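Here is the structure we will look at, set down as structure tokens.
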Amino acid sequence: MKHFFSRLVPQFIKNVFYHWPFAVVANVAFGFPGKKLRIIGVTGTNGKTTTTEFITRILDEAGYQVAKASTIEYEIGKKKWVNASKYTTPSSWQLQKFLSDALQAGCEWVVLETSSHALHQRRVWGVRYEVAVITNVTREHLDYHRSIDRYRAAKHRLFEGAENAVINLDMERPEEYLQEHFKQTLTFSTKKKEATVFSSEMNLDFTGSEFLALGKLFRLRLPGVFNIENALAAITTAKLLGIDTEVMQKALAKVSGIPGRMELVSNARGLDIIIDYAVTPDAFEKLYTVALPMKIPGTKIIHVFGACGERDRGKRPVMGKMASEKADIVILTNEDPYYEDPERIIDEIEGGIENKKPGENFYRIFDRREAIVKALSLAEEGDILLVTGKGAEETMAFGAKRVPWQERRVIEEELTKLS
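Per our numbering, the sequence shown runs over residues 97 to 515.
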């Protein structure tokens with residue numbers, strides 16, 4: 097009932113009479129900690145979480161006391177805990193408490209993954225961003241923002257009060273974020289040599305990547321050009337802060353993986369099982385740029401996925417079409433339906449499926465565990481199994497109910513049964 101009435105109230109009313117005032121109250125209650133810390137805000141459609149992690153590790157390697165708030169976890173110094181809220185940026189009260197705790201723990205820097213929702217709702221009011229970082233802006237959250245231009249405008253708010261900016265020149269219309277009021281504006285790119293930090297001579301495989309930047313060789317234990325882009329965002333941020341390049345190299349080389357982001361599940365069957373949070377067409381495109389070149393002739397790519405309920409419905413058939421074009425076998429399943437009819441969600445994804453035959457190379461399996469079991473039963477040595485949409489999340493949302501769900505654990509459990 098609460099959910100129903102909430103949807104009847106226009107968002108601008110909620111913002112003006114709830115979110116913004118609540119943010120002011122939270123700031124007063126905790127003594128405006130967001131103005132006493134050096135805060136780096138990371139926004140973008142894809143890559144925010146990985147970039148946030150990279151920046152945090154570089155600052156940590158440089159000897160700073162750091163706090164981090166991301167989609168998957170919180171961190172204050174050596175203390176880490178899971179973000180179980182399913183929100184990228186917490187509520188105003190939770191955010192100000194987190195910042196207050198970071199201040200009391202002696203942290204100098206905070207790396208804050210900042211969503212378009214939080215910016216639009218002014219939940220981050222009172223936070224002084226020393227550096228604003230943007231990874232990219234592609235189609236997402238149009239259920240909320242209604243248009244890509246409004247979505248971009250929401251992201252733009254991060255830069256309006258920021259002191260410095262780090263911008264991806266490869267994203268669409270980067271000039272919108274290049275403003276004269278910044279103390280420093282640094283850019284990064286894998287395509288444009290005029291960028292402050294340009295990457296060249298990239299070597300990629302399933303287990304990692306190498307690339308040249310700032311005249312140095314960087315090694316990542318994460319695959320994909322998109323992870324090089326995320327690393328460049330972190331390197332550019334570190335350069336802006338005057339951190340030594342060798343510190344950056346050491347820090348990035350130590351990052352063994354980001355939970356739920358191109359996460360490999362080891363197994364004895366000779367399968368390449370990849371868990372990824374990919375929930376947008378752009379994320380699918382990036383995922384397949386890694387998977388397709390790694391496919392061995394005669395093997396299959398099997399993709400298990402669904403779509404989140406009460407989110408941009410227009411992207412569902414687009415994702416279905418992309419998967420049907422690039423994967424050999426597509427298995428559609430349930431994924432955080434919230435209050436929406438989960439069967440309708442799958443119907444709308446299926447609307448984009450092309451050249452696939454039900455029961456042969458296309459399946460609809462509502463139960464997510466059963467969908468994974470089916471994928472494993474179809475997989476043979478050398479095959480690539482992509483399981484996307486949940487990443488490192490620990491619950492699945494059915495209305496207001498949160499059901500425990502850990503993608504990696506489920507896959508490992510089913511692998512054990514099949515062994």
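Where a beta carbon is used, it is the ideal one built from N, C-alpha and C, also for glycine.
Model, not experiment: these values are computed from the prediction.
For residue i, the nearest candidate out of the options (CA to CA)
i    : options                : result
K452 : L472, D463, A475, I427 : I427
A291 : R253, H252, F302, I331 : I331
A214 : T185, T234, I442       : T185
I172 : Y183, L191, P270, K182 : L191
S187 : K175, A423, G416, T210 : T210
G311 : S296, V321, G353       : S296
E490 : P500, L481, A165       : P500
A374 : L514, G127, V483, I263 : V483
K391 : D378, D372, F322, G366 : G366
D266 : F494, I324, S212, H252 : I324
L37  : E476, P117, A493, K497 : A question about residue 37 goes unanswered here, because the residues of the chain that appear run from 97 up to 515.
K358 : F322, T333, A334, M344 : Reading off the sequence shown, one finds Met at residue 358, where the question assumed Lys. Considering only alpha carbons, the answer is F322.
L79  : M298, V400, G495, A496 : Only positions 97 to 515 of the chain appear in this structure, which leaves residue 79 out of reach.
I508 : I370, P270, R224       : In the sequence on display, residue 508 carries Glu and not Ile. Of the candidates I370, P270, R224, the one whose C-alpha sits nearest the C-alpha of E508 is I370.
K279 : K288, C404, L336, T139 : L336
Y225 : N264, V469, L208, A309 : L208
Other residues of its chain near residue i: CB distance less than 6 Å, five sequence neighbours each side excluded
i    : result
P129 : L195, S196, L199
A488 : I168, P355, G356
A228 : G137, L254, F255, A258, A261
A122 : S188, W189, Q192
D424 : K396, I397
F294 : S285
E306 : N299, R315
Residues of its chain near residue i, where Cβ-Cβ distance is below 8 Å and the 5 sequence neighbours each way are ignored
i    : result
R465 : V506, E510
F462 : T429, N430, P438, E439, I442
G394 : G478
Range of the contiguous alpha helix (DSSP H) that encloses residue i
i    : result
P146 : The question names Pro, but residue 146 is Thr in the sequence shown. From DSSP, the alpha helix (DSSP H) with T146 extends over 144-157.
R269 : Careful: R269 lies outside any alpha helix (DSSP H) and carries neither H nor E.
M418 : 411-422
V121 : 116-126
E477 : Here E477 belongs to no alpha helix (DSSP H), and DSSP marks it neither H nor E.
A214 : 212-216
Residue environment, residue i, which counts as buried when at least 16 other CB atoms sit within 10 Å
i    : result
Y435 : exposed
T512 : exposed
R412 : buried
M97  : Interpretation of M97 is limited by its pLDDT of 48, a score under 50 that renders its predicted location unreliable; no figure is taken from the coordinates.
N179 : buried
G222 : buried
W205 : buried
D245 : exposed
T283 : buried
E236 : buried
The beta strand (DSSP E) enclosing residue i, as first and last residue numbers
i    : result
Y459 : 458-460
R498 : 497-500
F284 : 280-285
L337 : Note, L337: premise wrong, no beta strand (DSSP E); not H, not E.
S296 : 296-301
I263 : 260-264
D364 : Here the sequence assigns Ala to residue 364, which means Asp is not the residue at that position. Element bounds for A364: n/a, residue is neither H nor E.
F307 : 304-309
A228 : 225-230
I398 : 397-401
I427 : 425-428
V233 : Counting along the chain, V233 falls outside any beta strand (DSSP E), and DSSP gives it neither H nor E.
E209 : 205-209
Under the three-state DSSP convention, the category residue i falls into
i    : result
R242 : coil
L274 : coil
F322 : helix
L316 : strand
A488 : coil
E439 : helix
L527 : Outside the displayed span of the chain (97 to 515) sits residue 527, for which this structure offers no information.
Y247 : helix
S188 : helix
G463 : The sequence shown places Asp at residue 463, rather than the Gly named in the question. D463: coil per DSSP, three-state reduction.
A165 : strand
L514 : helix
R407 : coil
K175 : strand
P377 : helix
Y170 : strand
G137 : strand
P129 : helix
E81  : Absent from the model: residue 81. The displayed extent of the chain is 97 to 515, so no value can be given.
R219 : coil
Close Cβ partners of residue i (< 7 Å) along its chain, the five nearest in sequence each way excluded
i    : result
R248 : V233, E272
F150 : N326, A327, A330, L348, V351
G416 : I445, E446, G447, G448, I449
D432 : C404, G405, M492, A493
Residue i CB to nearest heavy atom of the ligand HEM below 7 Å
i    : result
V229 : This structure simply doesn't include the ligand HEM, nor any ligand for that matter.
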